[in-house]
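Asks:
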Amino acid sequence: MNILVASDKFKGSLTAAEACEAIRAGLASGFESRNEAPQIRTLPVADGGDGIAQTLTDALSGEWRKCIVHNALGDKTEAGYGLINDGRVAVIEMAEASGLAQLGNRKKDPWSASAYGTGELIQNATEQGAEKVILGIGGSATIDGGSGMARALGWKFLDSDGTELTNIPATLPDTAAIIAPDNPNLPEVIVACDIENPLLGGEDCTRNYGPQKGVEVADFEKFEARIRHLINLLDGDAKSAATEPGSGAAGGLGFGARVFLDATLQSGFDLVADQIQLKEQIEWADVVITGEGRLDAQTDSGKAPAGVLRLCRELEKPAYAFCGSKETGAGSGFVEVMEIQDSELSLELNMARAAALLEVRALNFADGFSDTENS
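Heads up: the sequence shown begins at 4 in the working numbering, then just goes up one per residue.
Below, the structure is given as structure tokens:
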């Protein structure tokens, strides 16, 4: 029997590679107790969220680079990105520079939080000779429509007197004009999105994801007005770009990449799956196991486990999922969804012991597995 373990990260606990290894170790022990030795391959997966850069860099034997940039609140921090395909392609995730995880215990400040550091990462990769950038835009602390990134790459934001404004996005309402750099000299940019929300309208970025970045419900309209002002300062294409699926990802960085970098938006999972030849690996397998920290309503909106399940259905392969916890009703379509959390432990202890819990759950799964269920 051939088993493919293609898990995403368990956010805050395990990287995708660590999750895959814990599952593999548990499976191997469980099947060994049955005197069986299936072939087990691990293939960490990702969508457009945090983890995409390391996952792709490792999978494609790339080089990891580090540089000093500014985090979302303007503090200097070390951030990394990958160089693959002999350095011609940079894999960058905005969470490395402008993510919530970079802020630690600092109070969230969505009015001032900026994607400036993401622009610095793109600039650094360009200086290293990258001709193409794959930009993952999940896990952001910002809701600036990509304006901070643009300023880092040379766009100028001027007030009505022609004075340059540097405190972007806080001073976006005072901006009267946005001037593009004479020679941006930017590589091709492909944005890997893990959600399909637009910038404005319907399930937009402010109302869906603003609260996790510190936006109060009472301030939704003010933030949306600021985003509308940014759109009105740009050309006519900006209005249509604001309604595109994925333009609302990462506080509007999907939109910003489209209008400032002329980027292409693409499903993060599909992009990763193509790069790591996931479909071919699923074809090899008799059983596929995926996972992530939390299976919920967002999982079906472009997250990696849903993408793995979709490919398994196309290829008529049984798919199972492990998760830390799951929302009622989530995970339909999998043969089985297995939670690893210990109800007697706190969330903090469950997260701290995630690798051990995942390994034990995989061992128990293997010990009771019957391939006749999948024939």
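Where is the CB? At the ideal position from N, CA and C, for every residue including glycine. The model shown is predicted, which means the values in this text are computed figures rather than measured ones.
Just how far apart, CA to CA, sit P148 and N211?
Replies: Note that residue 148 is Gly in the sequence shown, not Pro. Roughly 15 Å separates the two Cα atoms.
Asks: Starting from the C-beta of N367, find all residues in its chain whose C-beta is less than 6 Å away, skip the five residues before and the five after it, and write them out in chain order.
Replies: Excluding positions up to five away in sequence, the list is empty.
Asks: With which residues is Y323 paired in a DSSP beta bridge?
Replies: In DSSP, Y323 forms a bridge with I292 and E339.
Asks: So what's E123 in DSSP terms, helix, strand or just coil?
Replies: It is helical.
Asks: Which residue spans inside the segment 4 to 56 form an unbroken beta strand (DSSP E) run of at least 3?
Replies: Qualifying beta strand (DSSP E) stretches, in chain order: 5 to 8 and 42 to 45.
Asks: I need the straight-line Cα distance from S250 to K242, nearest angstrom please.
Replies: Each residue's Cα considered, the two are about 11 Å apart.
Asks: Closest to A322 by C-alpha separation, out of A309, V338 and K329, would be which residue?
Replies: Of the listed residues, the one whose Cα sits closest to A322 is V338.
Asks: Would you list, in sequence order, the uninterrupted beta strand (DSSP E) runs of no fewer than 3 residues that lie entirely inside the segment 137 to 193?
Replies: Those beta strand (DSSP E) runs which fall completely within the segment 137 to 193 and span 3+ residues are 159 to 161 and 180 to 182.
Asks: Less than 8 Å between the beta carbons of A307 and A49, yes or no?
Replies: Taking 8 Å as the Cβ cut-off, A307 and A49 qualify as a contacting pair.
Asks: Quick one: is P201 buried, meaning 16 or more other Cβ sit within 10 Å of its Cβ, or exposed?
Replies: P201 comes out buried.
Asks: Just the Cα atoms here: how many angstroms apart are A31 and A276?
Replies: Taking the straight line from one Cα to the other gives about 25 Å.
Asks: Can you find at least 3 beta carbon pairs, one from the segment 123 to 135 and one from the segment 160 to 170, that sit closer than 8 Å?
Replies: Result no; under three Cβ-Cβ pairs closer than 8 Å.
Asks: Once the 5 residues before and after G65 are set aside, which same chain residues still bring their CB inside 6 Å of it?
Replies: So the qualifying residues of the chain are G85, L86 and I87.
Asks: What separation, rounded to the nearest whole angstrom, lies between the Cα atoms of G239 and L360?
Replies: The straight-line gap from Cα to Cα measures roughly 52 Å.
Asks: Quick one: grab the DSSP three-state call for L76.
Replies: L76: coil per DSSP, three-state reduction.
Asks: So what's W67 in DSSP terms, helix, strand or just coil?
Replies: Three-state DSSP puts W67 in a strand.
Asks: When DSSP labels each residue in this structure, what does F372 get in the three-state scheme?
Replies: It is coil, neither helix nor strand.
Asks: Excluding sequence positions up to five away, which residues of its chain have a Cβ less than 7 Å from the Cβ of S2?
Replies: As displayed, the chain neither begins before 4 nor continues past 378, which places residue 2 out of reach and without an answer.
Asks: Going by the CB atoms, is the gap between E96 and I146 shorter than 8 Å?
Replies: In this structure, E96 does not lie closer than 8 Å to I146 by Cβ.
Asks: So, does the segment 288 to 295 touch the segment 257 to 271, judging by three or more C-beta pairs under 8 Å?
Replies: The segment 288 to 295 is not in contact with the segment 257 to 271.
Asks: Please work out which residues of its chain come closer than 7 Å, Cβ to Cβ, to S36, disregarding the five sequence neighbours upstream and downstream, and give them in chain order.
Replies: Excluding residues within five positions, the ones whose Cβ falls inside 7 Å are D370.
Asks: Classify P113 as buried or exposed, calling it buried when 16 or more other Cβ atoms lie within 10 Å of its own Cβ.
Replies: Flag for P113 reads buried.
Asks: Would you kindly report the start and end of the unbroken alpha helix (DSSP H) that includes T267?
Replies: Element bounds for T267: not the alpha helix (DSSP H) but the beta strand (DSSP E), T267 to S270.
Asks: May I ask which residues mark the beginning and end of the alpha helix (DSSP H) holding E330?
Replies: Run containing E330: none; DSSP gives neither H nor E here.
Asks: Could you work out which residue in I193, R231 and I125 is closest to P187 when comparing CA atoms only?
Replies: Checked all of I193, R231 and I125; the closest Cα to P187 is I125.
Asks: Which value, in whole angstroms, describes the spacing of the CA atoms of G332 and L256?
Replies: G332 and L256: Cα-Cα distance of roughly 31 Å.
Asks: Helix, strand or coil: which one does DSSP assign to G251?
Replies: G251: coil per DSSP, three-state reduction.
Asks: Cutting at 6 Å between CB atoms, please list the residues of its own chain near G141, excluding the five before and the five after it.
Replies: Around G141: G51, G52, D53 and D197.
Asks: Just to confirm my understanding: we take E123, look at its own chain, exclude 5 residues before and 5 after, and list those with CB closer than 6 Å. What are they?
Replies: So the qualifying residues of the chain are V72 and A155.
Asks: Counting pairs of beta carbons, one from the segment 307 to 318 and one from the segment 279 to 288, are three or more of them closer than 8 Å?
Replies: A contact exists between the segment 307 to 318 and the segment 279 to 288.
Asks: Can you look up A133 in the DSSP assignment and give me helix, strand or coil?
Replies: Of the three classes helix, strand and coil, the one that applies to A133 here is coil, per DSSP.
Asks: Around the C-beta of T267, are 16 or more other C-beta atoms found within 10 angstroms, so that it is buried, or is it exposed?
Replies: Exposed is the call here.
Asks: Tell me, please, whether the segment 225 to 236 touches the segment 94 to 109 by the rule of three or more beta-carbon pairs shorter than 8 Å.
Replies: Touching, no.
Asks: Considering just the uninterrupted stretch of the beta strand (DSSP E) at E347, what are its terminal residues?
Replies: It is not in any beta strand (DSSP E) - E347 carries neither H nor E in the DSSP assignment.
Asks: I'd like to check one pair, A25 with E3: are the Cβ atoms closer than 8 Å?
Replies: The question about residue 3 has no answer here: the residues shown for the chain are numbered 4 through 378.
Asks: For I95, report the span of its beta strand (DSSP E) as first-last.
Replies: V92 to E96 is the span of the beta strand (DSSP E), which, as asked, contains I95.
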